[in-house]
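Protein sequence lines, in the order shown, are assigned to chains A and B.
1 is the number of the first residue of the first sequence in my numbering; add one for each residue after it.
1001 is the number of the first residue of the second sequence in my numbering; add one for each residue after it.
For each residue, glycine too, the CB sits at the ideal point set by N, CA and C.
Here the structure is a predicted model, which is why all the values come from computation and not from measurement.
2 protein chains.
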Amino acid sequence: MTPSQLTALENFHAVIPAGGVGTRLWPLSRAAAPKFLHDLTGSGSTLLRATYDRLHPLAGDRMMVVTGVAHREAVCHQLPEVPDSELVLESEPKDSAAAIGLAAAILHRRDPSIIMGSFAADHVISPDQTFQAAVREAILTAAPAEDSEGKIVTIGIEPSHPSTGFGYIRIGEALSVAGAPHAHSVVEFVEKPDQATAEKYLKSGDFSWNAGMFVAPVALMLKHLEKNEPELYAGLNEIAEAWDTDQRGEVTARIWPTLPKIAIDYAVAEPAAAAGDVAVIPAAFRWDDVGDFAAIGRLNSANEVDDVTVLGEGARVFTEDASGVVVTDTKRVIALIGIDDVVIVDTPDALLVTTTAHAQRVKAAVDALKANGDMDVL
Amino acid sequence: MTPSQLTALENFHAVIPAGGVGTRLWPLSRAAAPKFLHDLTGSGSTLLRATYDRLHPLAGDRMMVVTGVAHREAVCHQLPEVPDSELVLESEPKDSAAAIGLAAAILHRRDPSIIMGSFAADHVISPDQTFQAAVREAILTAAPAEDSEGKIVTIGIEPSHPSTGFGYIRIGEALSVAGAPHAHSVVEFVEKPDQATAEKYLKSGDFSWNAGMFVAPVALMLKHLEKNEPELYAGLNEIAEAWDTDQRGEVTARIWPTLPKIAIDYAVAEPAAAAGDVAVIPAAFRWDDVGDFAAIGRLNSANEVDDVTVLGEGARVFTEDASGVVVTDTKRVIALIGIDDVVIVDTPDALLVTTTAHAQRVKAAVDALKANGDMDVL
């Protein structure tokens, strides 16, 4: 490894946005206990903790978490090693450009040579080593050189099926980057396709799934943010200047509520791709965003009672001629008789019964409960 | 009405056997809270209370309840008007011949001219007036005359479909009984038939369902019991002699555990029918023994949330594209999405999910839970 490669890896700082309720996993996941605070794989670790542990070999203690102020205590409980200075608390959700942009701005003020990597707190990845190898390639590909400001590098997931639930990355030509043999340019990001388009994408071999993971020099991130969202950029910079001072609370309270809401995809990734500043490391690790309860079945196939996948410590499940998924955080006896592909989510104050085929419709149900004023269980 | 008819009606004394866990209604119905202690029709009354109220216009306060000692408090809470002398507590279940026979023996010692009527505590009947009219006919048919010891009279339910879940009564010739125009002799009782036989029965018009209700002079009941089960008869008589004395507890504790277990059908009804001593009043009231959760759907069709029948005070059920039955005695939100003919029974410590088609299999599940040692929820 060359000295400049070593420097790039040493400049890496991980950022974990821990937001999003995970409405499609209601009633397990909800405002007070979002998806990232659950162990959805039966591993014994919450998704947040597993994300931290997966990044630790790459970033050491250089790890920042961005989350809602309501989750402060739960996040600190999960990650006691994260100091207050690395915990960015949002008083209200402002979408991903503000969350990730603030992390970039704070890190840039501390050290403008930092290469940040942003990885959602609620995805399931395995094996860790394959993921870490891809991120190392991404860091080396992202690193600025004498003649370049570096790249914004996304990790592309090799599609296993023609999913219509994810955005795609159109992969361009191979890049010649020492230590990053898989690096390619990105032609464009494309939105969730219809079925026929997804099948075309898969067949072509030119597309990866966009898992929303990227690695980039903070300076390059902020350059694109400034260009595309100058108001957001200015606000984030003002907060960042106050961050490591005793003005943090006052400035954040004043400015954060005024910031525009926009996704990082629109504020940075897509325009940067159009400008030729985005690369991709296509990677073959197993990735799951645990988008619904059908995923729980896939991710926990080892924990089966007959043909029923069971997730839940101390679960007491009795099945007879049944198949599907049971998620429980109660100790109730659950008996399933003569019912197939059922999804049962059993919590102290809410019970969901649906089928694996209809698991995606849980979000609509939650919207209806909200409209009905059943806020106590959301 | 003639004086002898009036005397017969005045001699009527109702007996309500309140036994049986109702295993097919687990986890709602269970050892600690059997079927008769639940309101399964949304009427606001438990089945036991509704049975008492249905018999009160016929029997007034002449009403005896036979139940397990464990249910004493619950039964007294439901029926505060029943005095201690009319509450027969079984220290252990001894099947219906002992339960009903003891009631007959106690009543016979008090007044040998009593005509008893036995009606299970956990059936649903409507309208009450049609039932009461049939029982009145049964009393008049049962009444002894100068030249006869009277009859054991069963109430036959007009079959609505070729059920294989009930026993049948083969109806004989019409009897000429003043005030009982529907009275017929009984040729025989027949066991639960197979489908083809049930269809044949229905088509012939000569059969009623056997709902286990009968009206009979206590003297005639005891005569048949003595003939068929002399050991049981002797034991019951010994308890009955001590019943209204301060020896009741001691004698009952000594003798009850030694009594043979046999159903009243074998000990009295079938042999009495063979001897030509049984009559039937075929009746057309609506009768349901609430044999499984599919019955809950039938009996509560007014309480529908979309296509889902909901039973439970304060139930919070949200449905989308779902049908079936929800029974809950919790206040949890229950969301059903994209699932048909489902049966959900939600209790604080146990949850059952099955389908209306498989509702009869709940008993097997309970047996399996028992075998597994999950006694806390049975």
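From residue i to residue j, what does the alpha carbon distance come to, in whole angstroms?
{"i": "Lys1035 (chain B)", "j": "His1071 (chain B)", "result": "12 Å"}
{"i": "Leu28 (chain A)", "j": "Thr347 (chain A)", "result": "7 Å"}
{"i": "Gly1249 (chain B)", "j": "Glu1158 (chain B)", "result": "42 Å"}
{"i": "Asn1372 (chain B)", "j": "Asp306 (chain A)", "result": "15 Å"}
{"i": "Val1075 (chain B)", "j": "Lys1151 (chain B)", "result": "31 Å"}
{"i": "Ser1096 (chain B)", "j": "Gln1078 (chain B)", "result": "22 Å"}
{"i": "Val310 (chain A)", "j": "Thr319 (chain A)", "result": "11 Å"}
{"i": "Thr1046 (chain B)", "j": "Val1377 (chain B)", "result": "21 Å"}
{"i": "Glu10 (chain A)", "j": "Ala273 (chain A)", "result": "26 Å"}
{"i": "Gly60 (chain A)", "j": "Val82 (chain A)", "result": "11 Å"}
{"i": "Ala1033 (chain B)", "j": "Ala1104 (chain B)", "result": "27 Å"}
{"i": "Pro1093 (chain B)", "j": "Val1290 (chain B)", "result": "21 Å"}
{"i": "Asp1122 (chain B)", "j": "Arg1316 (chain B)", "result": "27 Å"}
{"i": "Asp1128 (chain B)", "j": "Ser1091 (chain B)", "result": "32 Å"}
{"i": "Ala1267 (chain B)", "j": "Asp1246 (chain B)", "result": "30 Å"}
{"i": "Pro1112 (chain B)", "j": "Thr1130 (chain B)", "result": "29 Å"}
{"i": "Ile1255 (chain B)", "j": "Arg1332 (chain B)", "result": "47 Å"}
{"i": "Leu1058 (chain B)", "j": "Met1001 (chain B)", "result": "15 Å"}
{"i": "Thr1041 (chain B)", "j": "Ala1263 (chain B)", "result": "28 Å"}
{"i": "His1224 (chain B)", "j": "Pro1271 (chain B)", "result": "8 Å"}
{"i": "Ser148 (chain A)", "j": "Ile139 (chain A)", "result": "14 Å"}
{"i": "Ser1004 (chain B)", "j": "Ala335 (chain A)", "result": "56 Å"}
{"i": "Thr356 (chain A)", "j": "Ile1337 (chain B)", "result": "10 Å"}
{"i": "Ala1364 (chain B)", "j": "His1358 (chain B)", "result": "11 Å"}
{"i": "Thr1252 (chain B)", "j": "Trp1243 (chain B)", "result": "8 Å"}
{"i": "Gln195 (chain A)", "j": "Gly167 (chain A)", "result": "12 Å"}
{"i": "Ile1115 (chain B)", "j": "Gly1276 (chain B)", "result": "19 Å"}
{"i": "Val1308 (chain B)", "j": "Asp374 (chain A)", "result": "19 Å"}
{"i": "Val343 (chain A)", "j": "Ala1031 (chain B)", "result": "29 Å"}
{"i": "Ile100 (chain A)", "j": "Phe285 (chain A)", "result": "24 Å"}
{"i": "Val1190 (chain B)", "j": "Arg1024 (chain B)", "result": "23 Å"}
{"i": "Gln132 (chain A)", "j": "Ala142 (chain A)", "result": "15 Å"}
{"i": "Ser1126 (chain B)", "j": "Lys1227 (chain B)", "result": "36 Å"}
{"i": "Val278 (chain A)", "j": "Met221 (chain A)", "result": "11 Å"}
By DSSP's criteria, residue i is part of a beta bridge. Which residues make up the other side?
{"i": "Val215 (chain A)", "result": "A:Gly117 and A:Val153"}
{"i": "Phe207 (chain A)", "result": "A:Arg170"}
{"i": "Gly324 (chain A)", "result": "A:Val308 and A:Val342"}
{"i": "Val15 (chain A)", "result": "A:Met64 and A:Ser118"}
{"i": "Ser85 (chain A)", "result": "Looking at the DSSP assignment, Ser85 (chain A) forms no beta bridge with any residue, so it has no partner."}
{"i": "Ser1185 (chain B)", "result": "B:Ala1279"}
{"i": "Val1333 (chain B)", "result": "A:Ala350 and B:Arg1316"}
{"i": "Ile1125 (chain B)", "result": "B:Trp1287"}
{"i": "Arg1110 (chain B)", "result": "None; Arg1110 (chain B) has no bridge partner."}
{"i": "Thr355 (chain A)", "result": "A:Val342"}
{"i": "Val1190 (chain B)", "result": "B:Tyr1168"}
Using the Cβ count rule (16 or more neighbours within 10 Å means buried), how would you classify residue i?
{"i": "Arg62 (chain A)", "result": "buried"}
{"i": "Asn210 (chain A)", "result": "buried"}
{"i": "Val177 (chain A)", "result": "buried"}
{"i": "Leu6 (chain A)", "result": "exposed"}
{"i": "Ser387 (chain A)", "result": "In this structure chain A extends from 1 to 378, so residue 387 (chain A) is not present and cannot be described."}
{"i": "Glu73 (chain A)", "result": "exposed"}
{"i": "Ser208 (chain A)", "result": "buried"}
{"i": "Gly1156 (chain B)", "result": "buried"}
{"i": "Glu313 (chain A)", "result": "exposed"}
{"i": "Pro282 (chain A)", "result": "buried"}
{"i": "Thr164 (chain A)", "result": "exposed"}
{"i": "Asp292 (chain A)", "result": "buried"}
{"i": "His396 (chain A)", "result": "Outside the modelled stretch of chain A, which goes from 1 to 378, sits residue 396 (chain A), for which no answer is possible."}
{"i": "Glu1188 (chain B)", "result": "exposed"}
{"i": "Gly1212 (chain B)", "result": "buried"}
{"i": "Thr1258 (chain B)", "result": "exposed"}
{"i": "Arg1049 (chain B)", "result": "buried"}
{"i": "Gly1068 (chain B)", "result": "buried"}
### Query
In chain order, what residues of the segment 1337-1354 of chain B put their CB closer than 7 Å to some CB of chain A?
Within the segment 1337-1354 of chain B, Ile1337, Gly1338, Ile1339, Val1342, Ile1344, Asp1346, Asp1349, Ala1350, Leu1351, Leu1352, Val1353 and Thr1354 place their CB atoms closer than 7 Å to a CB of chain A, listed in sequence order.
### Task
Starting from the N-terminal side, write out each stretch of the beta strand (DSSP E) that is 3 residues or longer and does not extend beyond the segment 1046-1080 of chain B.
With a minimum length of 3 residues, the continuous beta strand (DSSP E) runs that stay inside the segment 1046-1080 of chain B are 1063-1068.
### Message
By the 8 Å beta-carbon criterion, what residues does the segment 1294-1319 of chain B contribute toward chain A?
### Response
Of all residues in the segment 1294-1319 of chain B, Arg1316 and Phe1318 have a Cβ within less than 8 Å of some Cβ in chain A.
### Query
Listed from N- to C-terminal order along the chain, which residues in the segment 1025-1042 of chain B have their beta-carbon within a distance smaller than 9 Å of any beta-carbon of chain D?
This model lacks chain D altogether, as its protein chains are A and B.
### Query
Between the segment 1362-1377 of chain B and chain A, which residues of the former have CB atoms less than 9 Å from a CB of the latter, in chain order?
Residues passing the 9 Å Cβ filter: Val1362, Ala1364, Ala1365, Val1366, Ala1368, Leu1369, Asn1372, Asp1374, Asp1376 and Val1377.
### Query
What residues in the segment 1162-1191 of chain B have a beta carbon less than 8 Å from any beta carbon of chain A?
The segment 1162-1191 of chain B vs chain A, Cβ under 8 Å: nothing.
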